[in-house]
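Since the structure comes first, as structure tokens, the remarks are kept for the end.
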Amino acid sequence: MRLMTKRASSPTVDAGREASEKPSHQMSRDRYSGGRLLAESLTRHHGWTRAWAKSTPQKRYSVVIVGGGGHGLATAFYLATEYGIHDVAVVDKGPIGLGNVGRNTTIIRSNYLHPDNIRFYDFSLTLWERMEQTLNFNTMVSQRGVLTLFHSVAQRDLFTRRANMMCLLGADSEELSVEDVRRRVPLLDVQNGRFPVLGGFLQRRGGTVRHDAVAWGYARAASANGVDIIEHCEVIKLLCEGGRVIGIETTGGTIWADTVCLAVAGHSSEVAQTAHLTLPIETHVLQAFVTEPIKPAIDVVLIYGAGHFYISQSDRGGLVFGGGIDGYNTYGQRGTLPTAEEVAATAVTLLPSLSRVKVLRQWGGAVDMTMDGSPIISKTPLDGLILNGGWCYGGFKAIPAGGICTAHLIARNVPHPLSAHLTLDRFATGRAIDERGIGPHPYSH
Amino acid sequence: MLRIPCPWCGIRDEVEFRYRGDALITRPSPDAGVEAFTAYVYGRANPNGWHTEWWLHVSGCRKLIRVTRHTFTHEILRAETAESCRPLSGGAAS
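Chains A and B supply the protein sequences, listed in that same order. Anchor point for the first sequence: position 399 equals 398 in numbering that gives the first Met the number 0, and the numbering is continuous, going up by one each time. Anchor point for the second sequence: position 28 equals 27 in numbering that gives the first Met the number 0, and the numbering is continuous, going up by one each time.
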């Protein structure tokens with residue numbers, strides 16, 4: 000068995016190696032590096048400053064981003080660094096990073112079928128690959144590979160088509176025989192009675208990322224570039240005037256803005272509704288689970304092909320896994336037992352030895368399920384309101400690309416070429432991007 | 000685990016049912032135009048609160064029932080037979 004690659008757990012260690020690629024926008028005083036860590040260790044670590052500044056809202060900003068999650072913070076960061084707009088505020092009802100950016104199973108990949116989706120998610124993957132240098136923060140990007148299993152000849156044909164599409168567009172995918180799969184994941188019961196494993200497709204560039212570090216890294220880098228991060232400031236309603244959004248009313252007072260961007264996936268409908276905007280979105284809960292820490296056992300992200308199940312092992316040793324959405328509208332970020340039971344049953348079918356491992360924690364995240372299963376980065380019928388939402392269960396891997404594309408739309412007022420297909424009006428014009436051909440039934444996506 | 004009070008079968012576990020979505024959307028009349036049909040097919044109120052929805056009792060009476068459920072607490076206010084709700088042909092209702 001190949002052992003999991005150990006990554007440094009300190010946010011500062013990796014950064015030193017990249018000192019030559021120091022981005023000009025980082026304040027050198029607060030730059031993380033190996034040398035800095037060494038110096039601080041000699042002075043009892045008293046020299047570290049806050050990673051990002053606590054701000055109180057000004058009266059007015061060029062851009063106000065609602066939602067301090069991955070997409071909101073990434074949008075703010077790219078607005079400041081790529082598009083030169085520094086007069087930006089990110090408001091969040093709680094501390095940043097407590098929403099879906101901290102509730103997912105941390106997987107990054109770009110194994111899609113639809114060409115527009117492959118281009119978008121693969122762009123995201125290239126941004127993940129250089130994220131630590133860009134942000135000067137160890138987000139623990141681990142390209143350990145994403146292995147999707149197939150269980151029938153028809154499924155192999157389908158996945159071959161997907162792999163070919165990916166390779167044509169510059170992403171990577173390769174087929175593994177069942178022996179290769181067995182070698183890679185010895186715990187796997189390839190001859191399981193229900194859906195024997197016939198092989199798998201591996202995307203080597205896929206993997207996992209430390210999700211909290213993504214929120215922290217973007218927040219720190221955005222803050223260093225002049226973005227105000229305002230925590231504990233809940234939006235009460237969007238303020239409109241003559242078909243235009245002109246600001247937001249919050250628990251911290253009114254904030255006026257030229258552009259308001261919603262990045263509150265899971266609650267997009269609720270916030271949009273305050274401006275009488277109905278969205279093609281239903282809110283559902285997606286659960287995730289983590290087991291007690293065990294020795295290195297699974298060194299890839301493993302995805303089951305005959306149902307909804309995916310599993311990886313965190314650097315701490317816990318097995319992180321999840322399944323499908325619970326399947327009915329809910330804002331309760333907890334999840335219910337029938338789905339938990341189904342996920343556990345699938346886990347044990349595939350990896351029988353997991354029946355001896357205890358689940359340590361379980362949690363749920365409220366996700367925006369769109370009517371075609373694809374996200375939305377778009378203008379809205381209201382001028383001055385940009386929507387980044389509808390991420391379904393796949394928002395995490397899209398964070399860097401979503402941030403750049405949303406920043407592009409805000410700054411240039413035209414969609415980024417890579418997200419031009421993710422408009423809100425695609426439903427009215429018949430251009431829905433239904434990756435799995437399910438139709439307008441979000442509870443089935 | 001939801002415990003759904005099926006008006007035909009009594010209280011049953013959610014695993015016996017299949018969710019069929021928002022029950023308050025109404026099919027517009029055929030000449031209502033693209034905007035009305037887009038709203039019908041794709042627009043959803045998606046409330047954080049009381050939600051009226053269809054559930055199909057697949058492992059029971061196989062009837063469609065209309066349930067009013069809170070989307071945060073999951074409390075169920077009422078469950079009605081589809082027949083008692085409204086005429087199933089749309090148009091005039093909206």
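Positions of the beta carbon are idealized from the N, C-alpha and C atoms, including for glycine.
Handout entry: Contiguous beta strand (DSSP E) assignments of at least 3 residues, all confined to the segment 384 to 440 of chain A
Key = 384 to 388
Exercise for the section: Kindly list, in the order they appear in chain A, the residues whose Cβ is closer than 9 Å to that of residue 56 (chain B). Expected result: Residues of chain A whose Cβ lies closer than 9 Å to the Cβ of residue 56 (chain B) do not exist; the shortest such Cβ separation is about 14 Å.
Problem - Which of helix, strand or coil DSSP assigns to residue 287 (chain A) - result: Under the three-state reduction of DSSP, residue 287 (chain A) is assigned to strand.
Handout entry: Buried or exposed (CB count within 10 angstroms, at least 16 for buried), residue 396 (chain A)
Key = buried
Handout entry: residue 155 (chain A) and residue 112 (chain A) closer than 8 Å at C-beta
Key = no
Handout entry: beta strand (DSSP E) segment containing residue 88 (chain A), residue limits
Key = 87 to 90
Practice task
Please name the residue or residues paired with residue 5 (chain B) in a DSSP beta bridge.
Solution key: B:9
Exercise for the section: Could you list the residues in the segment 269 to 292 of chain A with a C-beta less than 9 Å from some C-beta on chain B, going in chain order? Expected result: 269, 272, 277, 278, 279, 280, 281 and 282
Handout entry: Among B:53, B:12 and B:48, nearest to residue 78 (chain B) - alpha-carbon criterion
Key = B:53
Handout entry: Assigned secondary structure, residue 324 (chain A) (DSSP; H/G/I helix, E/B strand, else coil)
Key = strand
Exercise for the section: Taking only the alpha-carbon atoms, compute the straight-line gap between residue 399 (chain A) and residue 197 (chain A) and give it to the nearest angstrom. Expected result: 34 Å
Practice task
Using DSSP bridges, identify the partner residues of residue 361 (chain A).
Solution key: A:288
Practice task
Report the partner residues of residue 239 (chain A) according to the DSSP bridge assignment.
Solution key: A:244
Handout entry: CB contact flag (residue 273 (chain A), residue 383 (chain A), <8 Å)
Key = no
Practice task
Flag residue 417 (chain A) as yes if its beta-carbon sits less than 8 Å from any beta-carbon of chain B, otherwise no.
Solution key: Closer than 8 Å: no.
Handout entry: Continuous beta strand (DSSP E) assignments of at least 3 residues falling wholly in the segment 114 to 195 of chain A
Key = 145 to 149 and 173 to 176
Handout entry: Coil, strand or helix - residue 332 (chain A) by DSSP
Key = coil
Handout entry: Exposure label - residue 182 (chain A); buried when at least 16 CB within 10 Å
Key = exposed
Practice task
Examine chain A for any beta-carbon lying closer than 8 Å to the beta-carbon of residue 93 (chain B), and answer yes or no.
Solution key: Interpretation of residue 93 (chain B) is limited by its pLDDT of 38, a score under 50 that renders its predicted location unreliable; the figure taken from the coordinates is listed afterwards. Cβ-Cβ to chain A under 8 Å: no for residue 93 (chain B).
Practice task
Compare the beta carbon distance of residue 73 (chain A) and residue 225 (chain A) with 8 Å and say whether it is the shorter of the two.
Solution key: no
Exercise for the section: Show which residues of chain A have a CB atom less than 7 Å away from the CB atom of residue 44 (chain B). Expected result: 277
Problem - Bounding residues of the beta strand (DSSP E) (the contiguous stretch that carries residue 21 (chain B)) - result: 17 to 21
Problem - Under 8 Å between C-beta atoms of residue 421 (chain A) and residue 385 (chain A) - result: For residue 421 (chain A) and residue 385 (chain A), no; Cβs fall outside 8 Å.
Practice task
Can you say whether residue 166 (chain A) is buried or exposed, counting buried as having 16 or more other CB atoms within 10 angstroms of its CB?
Solution key: exposed
Handout entry: Closest Cα partner of residue 25 (chain B) within the set B:61, B:42, B:1 and B:71
Key = B:42
Handout entry: Pick from A:174, A:372, A:432 and A:130 that is closest to residue 402 (chain A), judged by C-alpha positions
Key = A:130
Problem - Short Cβ contact (8 Å threshold) for residue 393 (chain A) with residue 214 (chain A) - result: no
Problem - Same chain, Cβ closer than 6 Å to residue 326 (chain A), neighbours up to 5 away in sequence not counted - result: 442
Problem - Neighbourhood of residue 328 (chain A) by C-beta distance below 8 Å, restricted to the same chain and skipping five residues each side - result: 281, 282, 283 and 442
Exercise for the section: Tell me whether residue 71 (chain B) sits in a helix, a strand or coil according to DSSP, three-state version. Expected result: coil
Exercise for the section: Taking C-beta pairs closer than 8 Å, name the residues in chain B that residue 336 (chain A) reaches, listed in chain order. Expected result: Simply 0.
Exercise for the section: Quick one: which residues of the segment 381 to 400 of chain A get their C-beta closer than 8 Å to a C-beta of chain B? List them in chain order. Expected result: none
Handout entry: chain A within 8 Å of residue 25 (chain B), Cβ atoms only
Key = no
Practice task
Give the residues of chain B in contact with residue 329 (chain A), contact being defined as C-beta atoms less than 8 Å apart.
Solution key: 70, 71 and 73
Practice task
Identify, in the order they occur along the chain, each residue of the same chain with its Cβ nearer than 6 Å to the Cβ of residue 145 (chain A), setting aside the five sequence neighbours on each side.
Solution key: Residues 108, 202, 205 and 300 of the same chain have their beta carbon placed closer than 6 Å to that of residue 145 (chain A), with the five preceding and five following residues left out of the count.
Exercise for the section: May I ask which residues mark the beginning and end of the beta strand (DSSP E) holding residue 377 (chain A)? Expected result: 375 to 378
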